[in-house]
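*Asks:*
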Amino acid sequence: MKITSLQQYNDQVRKAKDSPEEFWSEKANNFKWHKKWDKVLEWDFTKPEVKWFQGGKLNITENCLDRHLEKKSNQIAIKWVPNNPNEVGVDLTYLQLHEKVCRFSNVLVNNGVKKGDRICLYMPMVPELTIAVLACARIGAIHSVVFAGFSAKSLSDRINDADCKILITSDGGFRGEKITPLKDISDEAMKTTPTIKLCIVLKRTNSSIKMQKDRDIWWHDEIDKVSLSNNAEKMDSEDALFILYTSGSTGTPKGIVHTTGGYMIYAEYSFRNVFQYNEGDMYWCTADIGWITGHSYIIYGPLLAGATSLMFEGVPTYPDAGRFWRIVEENKVNIFYTAPTAIRALEAHGLEYVKKYNLSSLKVLGTVGEPINEDAWNWYDKEIGNNKCPIVDTWWQTETGGIMISNLAGVTDAKATFATLPLPGIQACILDDEGKEIQEKNKSGKLCVKYPWPSMARTIWGDHKRFRETYFSAFKGYYFSGDGCFINEKGLFRITGRVDDVIIVSGHNLGTAEIESAIDEHENVCESAIVGFPHNIKGNGVYAYVICHQKPENKKKLSEEINKLITLHVGPIAKVDKIQFVDGLPKTRSGKIMRRILRKIASDDINNLGDTSTLLDPFVVQSIIAGKQKD
Ligand code: WT7
Numbered sequence: 000m001k002i003t004s005l006q007q008y009n010d011q012v013r014k015a016k017d018s019p020e021e022f023w024s025e026k027a028n029n030f031k032w033h034k035k036w037d038k039v040l041e042w043d044f045t046k047p048e049v050k051w052f053q054g055g056k057l058n059i060t061e062n063c064l065d066r067h068l069e070k071k072s073n074q075i076a077i078k079w080v081p082n083n084p085n086e087v088g089v090d091l092t093y094l095q096l097h098e099k100v101c102r103f104s105n106v107l108v109n110n111g112v113k114k115g116d117r118i119c120l121y122m123p124m125v126p127e128l129t130i131a132v133l134a135c136a137r138i139g140a141i142h143s144v145v146f147a148g149f150s151a152k153s154l155s156d157r158i159n160d161a162d163c164k165i166l167i168t169s170d171g172g173f174r175g176e177k178i179t180p181l182k183d184i185s186d187e188a189m190k191t192t193p194t195i196k197l198c199i200v201l202k203r204t205n206s207s208i209k210m211q212k213d214r215d216i217w218w219h220d221e222i223d224k225v226s227l228s229n230n231a232e233k234m235d236s237e238d239a240l241f242i243l244y245t246s247g248s249t250g251t252p253k254g255i256v257h258t259t260g261g262y263m264i265y266a267e268y269s270f271r272n273v274f275q276y277n278e279g280d281m282y283w284c285t286a287d288i289g290w291i292t293g294h295s296y297i298i299y300g301p302l303l304a305g306a307t308s309l310m311f312e313g314v315p316t317y318p319d320a321g322r323f324w325r326i327v328e329e330n331k332v333n334i335f336y337t338a339p340t341a342i343r344a345l346e347a348h349g350l351e352y353v354k355k356y357n358l359s360s361l362k363v364l365g366t367v368g369e370p371i372n373e374d375a376w377n378w379y380d381k382e383i384g385n386n387k388c389p390i391v392d393t394w395w396q397t398e399t400g401g402i403m404i405s406n407l408a409g410v411t412d413a414k415a416t417f418a419t420l421p422l423p424g425i426q427a428c429i430l431d432d433e434g435k436e437i438q439e440k441n442k443s444g445k446l447c448v449k450y451p452w453p454s455m456a457r458t459i460w461g462d463h464k465r466f467r468e469t470y471f472s473a474f475k476g477y478y479f480s481g482d483g484c485f486i487n488e489k490g491l492f493r494i495t496g497r498v499d500d501v502i503i504v505s506g507h508n509l510g511t512a513e514i515e516s517a518i519d520e521h522e523n524v525c526e527s528a529i530v531g532f533p534h535n536i537k538g539n540g541v542y543a544y545v546i547c548h549q550k551p552e553n554k555k556k557l558s559e560e561i562n563k564l565i566t567l568h569v570g571p572i573a574k575v576d577k578i579q580f581v582d583g584l585p586k587t588r589s590g591k592i593m594r595r596i597l598r599k600i601a602s603d604d605i606n607n608l609g610d611t612s613t614l615l616d617p618f619v620v621q622s623i624i625a626g627k628q629k630d
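Numbering (numbering that gives the first Met the number 0), first residue to last: 0 to 630.
1. Between I600 and the rest of its own chain, which residues show a CB-CB distance below 7 angstroms, the 5 nearest in sequence each way excluded?
2. Could you check if H507 belongs to the surroundings of the ligand WT7, using beta carbon to heavy atom distance under 8 angstroms?
3. If you check the beta carbons only, do L68 and H33 fall under 9 angstroms apart?
4. Measuring straight from C-alpha to C-alpha, what distance separates R162 and Y262?
5. Let me know the beta strand (DSSP E) ranges lying completely inside the region 229-259, each 3 residues or longer, listed in chain order.
6. What number of angstroms, rounded off, separates the C-alpha of S472 from the C-alpha of K449?
7. What residue does the alpha helix (DSSP H) around L5 start on, and which one ends it?
8. With 16 as the cutoff for other CB atoms within 10 Å, does Q621 come out buried or exposed?
9. In terms of residues, what are the limits of the beta strand (DSSP E) holding Y121?
10. With hydrogens ignored, establish whether the beta-carbon of T469 is closer than 8 angstroms to any heavy atom of the ligand WT7.
11. Just grab the DSSP bridge partners of K445 for me.
12. Return the residue from the list K253, A304 and G250 that minimises the CA-CA distance to F274.
13. Can you name the start and end residues of the alpha helix (DSSP H) that G626 belongs to?
14. Under 8 angstroms from any heavy atom of the ligand WT7, does the C-beta of D287 make it?
15. Does Q396 pass the burial test, meaning 16 or more other C-beta atoms within 10 Å, or should it be called exposed?
16. Beta carbon of P370: closer than 8 angstroms to some heavy atom of the ligand WT7?
17. Which first and last residues belong to the beta strand (DSSP E) in which M189 is found?
18. If you run the structure through DSSP and keep just helix, strand and coil, what is G293?
19. Rounding to the nearest angstrom, what Cα-Cα distance links D604 and R595 in this structure?
20. Examine the Cβ distances between the region 368-376 and the region 464-480 and report whether three or more of them are shorter than 8 angstroms.
21. Tell me whether W395 sits in a helix, a strand or coil according to DSSP, three-state version.
22. Which residues does DSSP pair with I528 in a beta bridge?
23. Between I255 and the rest of its own chain, which residues show a CB-CB distance below 6 angstroms, the 5 nearest in sequence each way excluded?
24. Answer yes or no: the CB of V620 versus the heavy atoms of the ligand WT7, is any distance below 8 angstroms?
25. Below 8 angstroms on the Cβ atoms is my guess for P453 versus I297; work out the distance and round it to an integer in Å.
26. Using C-beta distances below 7 angstroms, list every residue in its chain close to K442, excluding the 5 sequence neighbours before and after it, in chain order.
27. Compute the minimum distance between the beta carbon of H534 and the heavy atoms of the ligand GDP, and state whether it is under 8 angstroms.
28. Is it true that the region 154-169 meets the region 101-113, where meeting means three or more beta-carbon pairs spaced less than 8 angstroms apart?
29. Take the Cβ of W42 as the centre, count every other Cβ of all protein chains shown within 10 Å, and call the residue buried at 16 or more, exposed below.
30. Decide if F241 is buried, meaning its Cβ has at least 16 other Cβ atoms within 10 Å, or exposed.
31. Beta-carbon separation of G384 and L350 under 9 angstroms?
32. Can you tell me which of E48, I502 and I334 puts its alpha carbon nearest to the alpha carbon of K387?
33. Given V314, which residues of its chain have a CB within under 8 angstroms of its CB, disregarding the five upstream and five downstream residues?
34. Along the chain, where does the beta strand (DSSP E) containing T508 start, and where does it finish?
35. Starting from the C-beta of P617, find all residues in its chain whose C-beta is less than 6 angstroms away, skip the five residues before and the five after it, and write them out in chain order.
36. G115: which of R102, E127, M122 and A136 sits nearest, CA to CA?
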């Protein structure tokens, strides 16, 4: 059932709160189960342990594919649009996608993959990525998709963290005018990944690559060896479905683990309700499958709902900044879901790229990834939506698995810069520093959730303690999101941004610790500190304060070397926008860097530095400010 009126929304909120188990069982009943669950929910946020639909047996791909074959075998499941507008795209019907997934499942089985094995996918945005994801899920292997913009080091770290057995990649990936040499990067990564026994390579760019005997095999050769029938593995609701890495404020990236049953139910429920999906809609989410948005709202949510999901290989500015709008026109896209950073970037290119195209097919617009500023929101509303499309501002996280706070398109009201209301079933609240729920209106606090929801992360791969400490220790009995938020007089939620050391740059989560340790690899760097600062297009830019052993002779050269190291260790998305060489960093007596102060200096907000009394050496601050003004 879809919520289609404000009254229904209110009823559902009440029902989900009063009888959550009944509420979620009703949703679960719409799916195909081999065996129904014994128990709807068992939970304890102190451990934390959360189990939904225990004892239930199912396969998520039967729900994405097989379930639709009777009525929708000829409907397009994936509409793939290539990077180059002159290349012909691919439409995969539900029947064709089903066949391809079955075949590739057999390839994996043929190559010794068993239920529970981890498979790493490092691929461009091509249909085979979706096929590989679903094939893993079909045979019960746990997929770990690594965004194809990450470096060899980031790839090998992620492979090793989860002890992946197979790496699936391609010769290269097209992105605008560039080709990313994915196999070369994979080769570099595989030098330090002892658990990888096999690398399956898809031919996409025809780049010349090295194939290592006994390790590397071609996708197209393997496909020819197998049949197209495959019986899906019966999974337990709580069996792991995938691992997806996200950056934290400290340490290495966290392998967020999602399980099968609850994730399935919530992905479909949130997709259908937030976007108000109707049969026959053309739906397009511009994210990359390397992020959670792509998992939940390119693959799983839309396919579970039996929708047509458009998948785009390229970038918004190739061959020019009208590409998104051209795709909307050519495919009569009805529902369009993108990120504030893309909206701002395209706005900056000027209206002529928008005006060239007929966008009248659009009915619903969405945004995700960071707080959207009012200007960008208004531009999106007017120039793209022609003031007639509701904009859903969807707040959620890798850890939440699905959209948590958002208006429901056209059903509940939108308000610029507000994510507005939690979905029915989501008990979100705001806590003050003492852990008390804030009841006052417009008072900021920390955004938390006090009751489990089906698609919440269950653990961090191999480190449950870190899972507990990161999300369940700040406030006892609550899931802590890491975001700041307030609720206005009408009860609408406004997310104000991260309260920890994560910086969201162009919608990507970057951990300060990761970037700092990459910079510190430089032989002349003694210490560094990273903060975000407001950036017109990217939302946040990266600002680095760097202490050198020896005064740098050539600052420009050193800056370039530092960015090379970041590209190598983290990836080009984490490159710094500004570097300031300093003599010292503001630290507390206990040695903690006071990023709050560095953030203010980086954003030229120096009249209001706040309490500096705990600083070990207050003069450091003056010298940094003076240095910045000189630069
Ligand atoms: C962080 C999670 C969820 C998919 C993409 C990002 C920020 C996300 C919004 C929004 C304000 C938002 C939060 C959150 N964020 N959506 N609509 N308004 N902030 O997933 O990489 O796990 O990042 O993105 O700070 O904690 P992610």
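For each residue, glycine too, the CB sits at the ideal point set by N, CA and C. Model, not experiment: these values are computed from the prediction.
*Replies:* Reading off the structure:
1. The residues are I623, I624 and K627.
2. The answer is yes for H507.
3. Not a contact, by the Cβ cut-off of 9 angstroms.
4. Checking the displayed sequence, the identity of residue 162 turns out to be Asp instead of Arg. Cα atoms of D162 and Y262: separation of roughly 23 angstroms, rounded to the nearest angstrom.
5. DSSP runs (the beta strand (DSSP E)) wholly in the region 229-259: 239-245 and 253-258.
6. Computed Cα separation, rounded: 13 angstroms.
7. L5 to D17 is the extent of the alpha helix (DSSP H) around L5.
8. With fewer than 16 other Cβ atoms from the protein chains shown falling within 10 Å of its own Cβ, Q621 counts as exposed.
9. Note, Y121: beta strand (DSSP E), R117 to Y121.
10. Checking the Cβ of T469 against the ligand WT7 gives no.
11. DSSP lists L430 and G483 as partners of K445.
12. From the listed residues K253, A304 and G250, the smallest Cα separation to F274 is found for A304.
13. It spans F618 to K629 - the alpha helix (DSSP H) in which G626 sits, taken as one unbroken run.
14. Because no heavy atom of the ligand WT7 lies under 8 angstroms away, the Cβ of D287 does not count as near it: no.
15. By the neighbour-count rule (16 or more Cβ atoms within 10 Å), Q396 is buried.
16. Yes, Cβ of P370 sits closer than 8 angstroms to a heavy atom of the ligand WT7.
17. No beta strand (DSSP E) holds M189; the alpha helix (DSSP H) holding it covers L181 to M189.
18. Helix.
19. C-alpha separation (whole angstroms): 11 angstroms.
20. Because the criterion of three Cβ pairs below 8 angstroms is not met, the region 368-376 and the region 464-480 do not touch.
21. When secondary structure is reduced to three states using DSSP, W395 falls in the coil class, being assigned neither helix nor strand.
22. Checking the sequence shown, residue 528 turns out to be Ala, not Ile. A528 is bridged to Y544.
23. Same-chain partners within the cutoff: L243, T245, T397, E398 and A456.
24. No, the beta carbon of V620 sits no closer than 8 angstroms to any heavy atom of the ligand WT7.
25. The pair is not a contact, with the Cβ atoms about 20 angstroms apart (cut-off 8 angstroms).
26. Closer than 7 angstroms at Cβ, skipping near neighbours: F485.
27. The ligand GDP is not part of the structure shown, which contains the ligand WT7 as its ligands.
28. Short answer: they touch.
29. With fewer than 16 other Cβ atoms within 10 Å, it is exposed.
30. Burial of F241 is indicated by the presence of at least 16 other C-beta atoms within 10 angstroms of its C-beta.
31. No, they are not a contact pair.
32. Taking only the C-alpha atoms, the option nearest K387 is I334.
33. Listed in chain order, the non-local C-beta contacts of V314 below 8 angstroms within the same chain comprise N82, R174, G175 and R322, local neighbours out to five positions each way being set aside.
34. It should be pointed out that residue 508 corresponds to Asn in this sequence rather than to Thr. H507 to G510 is the extent of the beta strand (DSSP E) around N508.
35. For P617, where only same-chain residues beyond five positions count, the Cβ hits under 6 angstroms are T611.
36. The candidate whose alpha carbon is nearest that of G115 is A136.
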